[in-house]
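Reading the sequence shown from the start, the letters are residues 5 to 473 in UniProt numbering.
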Amino acid sequence: KATILWLRRDLRLSDHPALVAAIARGGPVVPVFILDPLSEGLGAAPKWRLGLSLADLGKRLEAAGSRLILRRGDPLQVLRDLVAETGAGAVYWSRAYDPDSVARDTRVKAGLKADGLEAESHVGHLLFEPWSVETKTGGFYKVYTPFWTAVRERGVPAPESAPARIPAPEAWPVSDALDDWQLGRAMNRGANVCLPWQRVGEEAAQGRLGAFMGAAIAGYGEQRDMPGVEGTSGLSENLALGEISVRRCWHAGQRAMDEGKAGAETWLKELVWREFAYHLAWHTPRIVSDNWRQEWAAFPWNEDKDHPHVIAWKQGRTGIPFVDAAMREMYVTGRMHNRARMIVASYLTKHLLCHWRIGQAWFEDCLTDWDPASNAMGWQWCAGSGPDATPYFRVFNPETQAAKFDPEGTYRRRWIAEAYRQPSETALSYFEAIPRSWGLSARDDYPDPVVGVTEGRARALDAYERRGF
Ligand code: FAD
C-alpha cells in the first residue's frame with residue numbers, strides 16, 4: 005500500500021527521515037504539498053519564496069522518478085481524499101513545533117488515526133526535540149547559555165544522502181498547477197527585484213553551506229556583526245523551508261571546528277539559537293503572539309500600525325541612516341542582517357515606543373526567511389518582553405552601533421540613495437521595488453529623524469520608570 009508523504013517545511017530530498025521511513029515502509033510514495041489555511045495565510049515575501057521552493061522541489065522529485073502533488077484545502081480533508089484516490093495505508097510527515105502547526109497536526113493525526121490509518125510524524129526540522137532538553141529539575145530552559153551547555157556535547161545523527169529513486173505509484177493522483185496558486189500575487193516586487201537575492205532549493209543551499217565552510221566561517225566570530233560584509237552563511241531562508249537539514253549544517257560546523265576554524269563554535273551556537281527559539285515556542289506557545297513576560301501587558305505601547313512613525317519605519321524614512329538602510333535591505337532582498345534586525349527592532353520598540361507585534365507582523369510580510377519561532381523570539385528579545393531578553397533599559401544607540409559595525413558606511417551607502425550624489429545601484433533598486441503609492445523618489449531630501457537618538461532614549465527610559473519597571 006502507498007505512503008503519502010505530506011511535505012511542509014521540509015522541502016528537500018536528502019537527510020529527510022520521513023521520506024526515508026516512507027520508502028522503507030515498502031510500496032509507492034506519494035509526495036504532496038497542501039496549500040492549507042496556514043500556508044495560504046503567509047506574508048507576501050515568504051509565500052512567494054515558498055512558490056520558488058516548490059517549483060524546485062517538483063523538479064528534483066521528477067529527477068528521482070517521482071512527482072510533487074499539489075492540493076489546496078483543509079489538510080485533513082485533502083489527505084483523506086488522497087488516501088481514497090491512491091489506496092494509501094499511511095501518511096508520514098516531518099514534525100513542526102510552532103503552536104499553529106501543532107494544533108493543525110494534532111487534529112490531522114487524530115482524524116487519520118480514527119480512519120484506521122498509520123499517521124506518523126518524524127524528526128527533521130530540528131537537532132533536538134524541544135521536550136528532550138530538560139533542566140536538572142525536569143523543567144525547560146528560559147535562558148540560552150545553559151541551554152547551549154546542555155546540548156553542545158550531544159550526538160547528532162549524520163546527515164543521509166538523497167535516495168536515488170523514489171518508488172512511484174502506477175497512476176498519479178491529479179495535481180493543481182503551481183502557477184494557478186499564484187503564490188507571488190501579493191509580492192509585486194518579486195520577480196524583478198527580489199529574485200536575484202534568493203538562493204532557492206536544496207542544491208543552492210548545499211552550495212551555500214560549502215562556500216561558507218570554505219571561506220567566511222573562519223572569520224565568522226568577528227565578521228558576523230558587520231552588515232556591510234558577507235560574513236554570515238545566508239542559510240536562514242533555506243533552513244526556514246527545510247531546503248537543507250540543520251543536521252547537515254551542524255555536522256559541517258563540527259568538522260570546521262575539528263579543523264580549527266576559529267568561527268565554527270560561534271556559528272554552531274547560532275544554530276542552537278534557532279533550536280532555543282523552538283524550545284521556547286514549544287514550552288510557552290504564547291511567545292509567538294503575546295508578551296512572554298506578562299508584566300508588559302500593561303505597558304502603553306503604541307499599537308496604531310498606521311501611525312506616521314510606523315509608516316516612516318516601514319518605508320525606511322526614519323531619518324536614522326542605519327535603521328533606514330536595514331528596512332530597505334529587507335524590502336528589496338527579503339533579508340536583513342542580524343545586527344540590523346536588532347537595531348531596527350530596538351528603534352521601533354524603544355525610541356518609537358511601538359508594540360513589538362507591529363514589527364513582528366511587518367517582518368512576517370517581508371522576510372523570505374520568515375520563521376514563526378525565531379521571529380517571535382527575536383522581537384521579544386529586542387523589546388525586553390521575552391525570556392533571556394536584552395534588559396529593557398538597554399536602548400541600542402543606532403549611531404554608535406553604526407560607528408562600530410559599519411565604520412566605513414558601506415552598508416548605509418549600499419541602501420540609502422537620497423544622501424548621496426552618486427547613489428549605488430542597490431540603493432536605487434529600492435525605488436524600483438516600492439509601490440508608487442508610497443510617493444517616494446530617490447531625488448527626495450533625506451528626512452530629519454522622526455525621533456532623535458537621544459530624545460528617544462530619554463523618552464523610553466521615562467516611560468519604563470513611570471510604569472514602575
Ligand atoms: P548565520 O549567522 O549564518 O547563522 C546560521 C543560522 O543560525 C541561521 O541561518 C539561523 O537559522 C540561525 N540563527 C542565527 N542567528 C539566530 C538568532 N538570533 N535566532 C534564531 N536563529 C538564529 N531568523 C530567521 O530565520 N527567521 C526570522 O523570521 C527571524 N526573525 C528575526 C527577528 C528579529 C527581530 C531578530 C533580532 C532576529 C531574527 N532572526 C530570524 C534571527 C537572525 O537574524 C537570522 O536567523 C539571521 O540573520 C540569518 O542570517 P544567516 O542565515 O546568514 O545566519
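Heads up, the beta-carbon is just placed ideally off N, CA and C, and yes, glycines get one too.
Please read these numbers as outputs of a predicted model, since none were measured by experiment.
Restricting attention to Glu299, His355, Glu206, the CA atom closest to the CA of Trp317 is found in His355. Rounded to whole angstroms, the gap between the alpha carbons of Cys370 and Glu299 is 29 Å.
CA-CA distance, Leu11 to Leu83, rounds to 12 Å. Burial is judged here by how many other beta carbons sit within 10 angstroms of a residue's own beta carbon; Phe397 has fewer than 16 and is exposed. Assigned with DSSP and collapsed to three states, His20 falls in coil, not helix or strand. The beta carbon of Glu247 sits no closer than 7 Å to any heavy atom of ligand 1. Taking C-beta separations shorter than 7 Å and ignoring five residues to either side along the sequence, the partners of Trp52 in its chain run Leu187, Gly188, Met191, Gly194, following chain order. With a threshold of 7 Å, the Cβ atom of Phe151 does not count as near ligand 1, since no heavy atom of the ligand is closer than that. By alpha-carbon distance to Met217, the top candidate from Ala268, Met340, Val204 is Ala268.
Arg345 has its Cβ nearer than 7 Å to a heavy atom of ligand 1. Counting only residues of its own chain and dropping the five nearest sequence neighbours on each side, Ala406 has a CB closer than 6 Å to the CB of Phe326. Contact check for Leu80 and Arg111: beta-carbon distance about 6 Å, within the 8 Å limit, so the pair qualifies. Secondary structure of Glu124 (DSSP, three-state): strand. Counting along the chain, Ile8 sits inside no alpha helix (DSSP H); it lies in the beta strand (DSSP E) bounded by residues 7 to 11. At least 8 Å separates the beta-carbon of Glu133 from that of Arg16. Here Ile420 carries a coil assignment [DSSP, helix/strand/coil]. Sixteen is the threshold: when 16 or more other Cβ atoms of the shown chains lie within 10 Å of the Cβ of Glu368, as they do, the residue is buried. In this structure Gln210 does not touch Ala220 by the C-beta definition: roughly 16 Å separates them, more than the 8 Å allowed. For Val399, the three-state secondary structure derived from DSSP is coil. In this structure, His126 and Tyr96 form a Cβ contact; the two beta carbons are roughly 6 Å apart against a cut-off of 8 Å. Taking 8 Å as the upper bound for CB-CB distance, Arg418 and Thr430 are in contact here, some 5 Å apart.
Lys5 sits close to Gly93, with the two beta carbons spaced by under 8 Å. Per DSSP, the beta bridge partners of Ile73 are Val36. Setting aside the 5 residues that flank it on each side, Pro21 is surrounded in the same chain by His126, Val127, Gly128, each with a C-beta closer than 6 Å to its C-beta; the list follows chain order.
DSSP links Cys358 through a beta bridge to Asn306.
Around Arg463, the same chain offers His355, Leu357, Val455 as residues with beta carbons nearer than 8 Å, after the five sequence neighbours per side are excluded. Two segments are said to touch when three or more pairs of C-beta atoms, one from each, lie closer than 8 Å; by this definition the region 168 to 183 touches the region 31 to 41. With contact defined as three or more Cβ pairs closer than 8 Å, the region 175 to 184 and the region 54 to 73 are in contact.
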